[in-house]
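Numbering-wise (the working numbering), the sequence shown opens with residue 3 and increments by one. For glycine and all other residues, C-beta sits at the position ideal for the given N, C-alpha and C.
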Amino acid sequence: MCKRTIRKGLATAAAVVTLLSGMPAQAAEGEPSTSAKAAVLMECQTGRVLYAKNESEQLPMASTTKIMTALLAVENCDLNQPVTVTGEMALVEGSSMGLHIGDVITVEGLVTGALLASGNDAANAIALTVRPSFEEFAALMNERAKEIGAQNTSFVTPSGLDNAQHYTTAYDLALIAREAMANPVFSDIARKSIAQVEFQNPVKTCTLSNHNRLVKEYEGAIGVKTGFTKKSGRCLVSCAERDGVKLLVVTLNDPDDWKDHKALLDYGFSQVTVQNLPAIEEQRIKVTGGELEELAVIQRPPLTTAPLTQGDLSRVEVKIELPPFVYAPVSTGSAVGIASYYLDGQKIGETVLMAKHDVLLSKKQPSFFEQIGNFFAGIWRYITGWF
Numbered sequence: 003m004c005k006r007t008i009r010k011g012l013a014t015a016a017a018v019v020t021l022l023s024g025m026p027a028q029a030a031e032g033e034p035s036t037s038a039k040a041a042v043l044m045e046c047q048t049g050r051v052l053y054a055k056n057e058s059e060q061l062p063m064a065s066t067t068k069i070m071t072a073l074l075a076v077e078n079c080d081l082n083q084p085v086t087v088t089g090e091m092a093l094v095e096g097s098s099m100g101l102h103i104g105d106v107i108t109v110e111g112l113v114t115g116a117l118l119a120s121g122n123d124a125a126n127a128i129a130l131t132v133r134p135s136f137e138e139f140a141a142l143m144n145e146r147a148k149e150i151g152a153q154n155t156s157f158v159t160p161s162g163l164d165n166a167q168h169y170t171t172a173y174d175l176a177l178i179a180r181e182a183m184a185n186p187v188f189s190d191i192a193r194k195s196i197a198q199v200e201f202q203n204p205v206k207t208c209t210l211s212n213h214n215r216l217v218k219e220y221e222g223a224i225g226v227k228t229g230f231t232k233k234s235g236r237c238l239v240s241c242a243e244r245d246g247v248k249l250l251v252v253t254l255n256d257p258d259d260w261k262d263h264k265a266l267l268d269y270g271f272s273q274v275t276v277q278n279l280p281a282i283e284e285q286r287i288k289v290t291g292g293e294l295e296e297l298a299v300i301q302r303p304p305l306t307t308a309p310l311t312q313g314d315l316s317r318v319e320v321k322i323e324l325p326p327f328v329y330a331p332v333s334t335g336s337a338v339g340i341a342s343y344y345l346d347g348q349k350i351g352e353t354v355l356m357a358k359h360d361v362l363l364s365k366k367q368p369s370f371f372e373q374i375g376n377f378f379a380g381i382w383r384y385i386t387g388w389f
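Shown next as structure tokens:
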């Protein structure tokens with residue numbers, strides 16, 4: 003599609019691309035420290051990293067693995083689908099939601115058991131429901147991870163039990179958790195402190211408590227997942243939202259994870275606020291076949307907002323995309339183009355550009371040459387996709 007593109011730098015100096023490419027921002031004054039071997043604090047809307055420590059080091063992640071397992075369940079299954087538990091599903095070491103051979107439970111119940119109770123049995127049951135074998139499910143996990151952008155992650159088990167080839171990085175795990183929390187079904191389950199799970203056979207109700215203490219202890223906490231093995235140490239992924247800002251923290255091998263997550267989230271909320279992005283100035287484009295030769299184009303209200311740190315606004319750039327011309331008639335408020343906002347090369351928002359006024363068809367009959375021009379303009383419009 004051919005478009006007339008206008009770039010308007012809103013910065014007083016050229017922006018330097020340091021954030022949003024997988025690299026953390028420079029350490030800010032008052033930035034917290036952590037006891038974790040690796041950590042990341044991420045702002046969810048843009049994916050920008052506000053704090054990082056050894057974020058690219060490949061490490062085991064224990065049951066935080068189940069974030070991917072649960073995400074694949076909600077993406078690939080009917081939540082009401084009944085699953086009959088087999089021995090391959092139920093007979094697994096480690097944490098359990100209490101499944102027995104022959105139990106019948108829905109996929110939603112399994113996802114709840116995997117996320118809240120950290121059931122390895124639930125993770126196995128999900129894997130063998132989504133794919134015929136654990137190997138095929140692991141292949142799907144790795145494929146989905148690459149789609150998300152987690153390039154330094156390798157999944158082998160659906161539960162997170164130790165394996166030399168089962169690892170991730172703090173940054174990759176943040177990307178995976180960010181994707182999962184954008185799924186409303188996943189996020190609705192992950193944020194529960196307590197949940198009732200119904201079994202269809204035998205008919206019973208089980209109450210599961212979330213292992214993630216933060217959903218009870220931290221204001222605005224909405225997930226995500228705990229994890230622990232002797233090899234991995236304590237692993238934790240948390241997410242919290244306040245005043246329109248959503249933050250995500252990942253720590254791997256962190257003996258003091260509850261305290262560290264609270265400190266990192268507090269730091270993030272002290273740095274980021276939702277701010278209005280700059281208003282778009284009125285634009286003008288040509289009109290073909292109308293009573294007016296030009297159309298005034300304005301931003302559709304309200305103003306676009308984005309979570310930004312202090313000083314970010316001065317580095318925001320906007321790219322305006324408008325067609326070279328439009329055909330009459332044009333109605334007030336009709337969409338004409340788009341303005342996209344960028345911070346350090348990363349898109350952080352967009353707004354629709356619309357017609358400020360009507361343009362009626364011209365009552366004047368076009369001359370022969372104008373008809374020829376309109377004919378070729380129509381062909382050009384067709385080729386470029388501006389309808």
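Point to revise | Three-state secondary structure assigned by DSSP to Ser-23 | key: Position 21 of the sequence shown, counting from 1, holds the residue named residue 23. With a pLDDT of 34 at Ser-23, under the threshold of 50, the modelled position of that residue is not reliable, and the figure given next carries that caveat. Correct three-state label for Ser-23: coil.
Point to revise | Distance, Leu-294 Cα to Thr-334 Cα | key: Within the sequence shown, the letter at position 332 stands for residue 334. Within the sequence shown, the letter at position 292 stands for residue 294. Computed Cα separation, rounded: 14 Å.
Practice item. My understanding is that Ala-72 touches Ala-116, with C-beta atoms under 8 Å, so please give their C-beta distance in whole angstroms. Key: Translated into the one-based positions of the sequence shown, residue 72 becomes position 70. Translated into the one-based positions of the sequence shown, residue 116 becomes position 114. That belief holds up - the Cβ atoms of Ala-72 and Ala-116 are roughly 5 Å apart, short of 8 Å.
Exercise for review: Indicate the three-state DSSP secondary structure (helix, strand or coil) for Ala-192 in the structure shown.
Suggested key: Residue numbering aside, residue 192 sits at position 190 when the sequence shown is read from its first letter. Looking at Ala-192 - three-state DSSP - the assignment turns out to be helix.
**Study point:** Range of the contiguous beta strand (DSSP E) that encloses Asn-278
**Key:** In the sequence shown, the residue the question calls residue 278 occupies position 276. 274-278 is the span of the beta strand (DSSP E), which, as asked, contains Asn-278.
**Study point:** Residue span of the beta strand (DSSP E) that contains Lys-448, given as start and end
**Key:** Residue 448 is absent from the structure shown; the chain starts at 3 and stops at 389.
Check your understanding: Beta-carbon of Gly-292 versus every beta-carbon of chain C: anything under 9 Å?
Key -> Judged by its chain identifiers, the structure shown contains no chain C, having just a single protein chain.
Point to revise | Cross-strand partners of Gly-292 (DSSP beta bridge) | key: Here residue 292 refers to the residue found at position 290 when the sequence shown is read from its first residue. Gly-292 is bridged to Leu-363.
Check your understanding: At what residues does the beta strand (DSSP E) containing Ala-40 begin and finish?
Key -> For this step, residue 40 is matched to residue 38 along the sequence shown. It spans 40-45 - the beta strand (DSSP E) in which Ala-40 sits, taken as one unbroken run.
Review point. What is the rounded straight-line gap between the Cα of Val-318 and the Cα of Thr-48?
Key: Within the sequence shown, the letter at position 316 stands for residue 318. Within the sequence shown, the letter at position 46 stands for residue 48. Cα to Cα, the separation comes out at about 13 Å.
Practice item. Would you mind working out which of Thr-228, Gly-96 and Lys-365 sits nearest Pro-331, comparing C-alpha positions? Key: Taking the sequence shown and counting its residues from 1, the one referred to as residue 331 is at position 329. Closest option to Pro-331, Cα to Cα, is Lys-365.
Check your understanding: How far does the beta strand (DSSP E) with Leu-93 in it reach, from first residue to last?
Key -> Working through the sequence shown from its first residue, we reach residue 93 at position 91. That residue, Leu-93, is in no beta strand (DSSP E); it is neither H nor E in DSSP.
Review point. Do Gln-301 and Ala-341 have their CB atoms nearer than 9 Å?
Key: Working through the sequence shown from its first residue, we reach residue 301 at position 299. Working through the sequence shown from its first residue, we reach residue 341 at position 339. In this structure, Ala-341 lies closer than 9 Å to Gln-301 by Cβ.
Point to revise | Three-state secondary structure assigned by DSSP to Tyr-329 | key: Along the sequence shown, one-based indexing puts residue 329 at 327. In the structure shown, Tyr-329 sits in a strand (DSSP, three-state: E or B).
Check your understanding: Along the chain, which unbroken stretches of the alpha helix (DSSP H) at least 4 residues long are found entirely within the segment 154-224?
Key -> 172-183, 186-192 and 216-219
Practice item. Let me know the beta strand (DSSP E) ranges lying completely inside the segment 47-79, each 3 residues or longer, listed in chain order. Key: 51-55
Check your understanding: Which term fits Arg-286, buried or exposed, when burial requires 16 or more other beta carbons within 10 angstroms of its beta carbon?
Key -> Within the sequence shown, numbered from 1, the residue matching residue 286 stands at position 284. Result: exposed.
Exercise for review: Under 8 Å by Cβ, that's how I've got Ala-152 and Asp-174 pegged, so tell me the actual separation to the nearest angstrom.
Suggested key: Taking the first residue of the sequence shown as position 1, residue 152 is located at position 150. Taking the first residue of the sequence shown as position 1, residue 174 is located at position 172. Right, their Cβ atoms sit about 4 Å apart.
Point to revise | Beta-carbon contacts of Gln-167 that lie in its chain and below 7 Å, excluding the five residues immediately before and after | key: Locating residue 167 in the sequence shown gives position 165, counting from the first residue. Cβ neighbours of Gln-167 beyond the five flanking positions: Ser-156 and Val-158.
Point to revise | Cβ neighbours of Ile-178 in the same chain (closer than 8 Å, five flanking residues each side left out) | key: Residue mapping note: residue 178 aligns to position 176 of the sequence shown, counting from 1. So the qualifying residues of the chain are Ile-69, Met-70, Leu-73, Ala-147, Ile-150, Ala-152, Thr-155 and Thr-170.
Check your understanding: Would you call the CB atoms of Glu-77 and Tyr-53 closer than 9 Å?
Key -> Position 75 of the sequence shown, counted from the start, is the residue given in the question as residue 77. Position 51 of the sequence shown, counted from the start, is the residue given in the question as residue 53. In this structure, Tyr-53 does not lie closer than 9 Å to Glu-77 by Cβ.
Check your understanding: When DSSP builds the beta bridges, which residues end up paired with Gln-285?
Key -> Residue 285 sits at position 283 when you count from the first residue of the sequence shown. Answer is Val-299.
Practice item. Tell me whether the beta-carbon of Gly-162 lies closer than 9 Å to the beta-carbon of Ser-234. Key: Walking along the sequence shown from the start, residue 162 turns up at place 160. Walking along the sequence shown from the start, residue 234 turns up at place 232. It is a contact, given that the beta carbons lie within the stated cut-off.
Point to revise | Same chain, Cβ closer than 7 Å to His-359, neighbours up to 5 away in sequence not counted | key: For this step, residue 359 is matched to residue 357 along the sequence shown. Excluding positions up to five away in sequence, the list reads Ala-298 and Thr-334.
Check your understanding: Which class does Thr-114 belong to by DSSP, given the choice of helix, strand or coil?
Key -> Walking along the sequence shown from the start, residue 114 turns up at place 112. Here Thr-114 sits in helix by DSSP.
Check your understanding: Beta carbon of Ser-98, beta carbon of Asn-82: below 9 Å?
Key -> Looking up residue 98 in the sequence shown gives position 96. Looking up residue 82 in the sequence shown gives position 80. It is not a contact, given that the beta carbons lie outside the stated cut-off.
Point to revise | Cβ shell of Asp-259 (< 6 Å), same chain only, five flanking positions each side left out | key: To locate residue 259, count along the sequence shown from 1; it is residue 257. Only Arg-236, Leu-238 and Thr-253 meet the Cβ criterion.
**Study point:** Neighbour-count burial assignment, Asn-212, 16 or more Cβ in a 10 Å radius
**Key:** In the sequence shown, residue 212 corresponds to position 210, counting from 1. Under this definition Asn-212 is a buried residue.
Exercise for review: Grab the span of the alpha helix (DSSP H) containing Ala-341 for me, first residue to last.
Suggested key: For the purposes of this step, residue 341 is taken as the residue at position 339 of the sequence shown. Careful: Ala-341 lies outside any alpha helix (DSSP H), inside the beta strand (DSSP E) at 337-345.
Practice item. Could you work out which residue in Ser-336, Leu-362 and Tyr-343 is closest to Met-356 when comparing CA atoms only? Key: If you number the sequence shown from 1, residue 356 lands on position 354. When each option's Cα is compared against that of Met-356, the closest is Ser-336.
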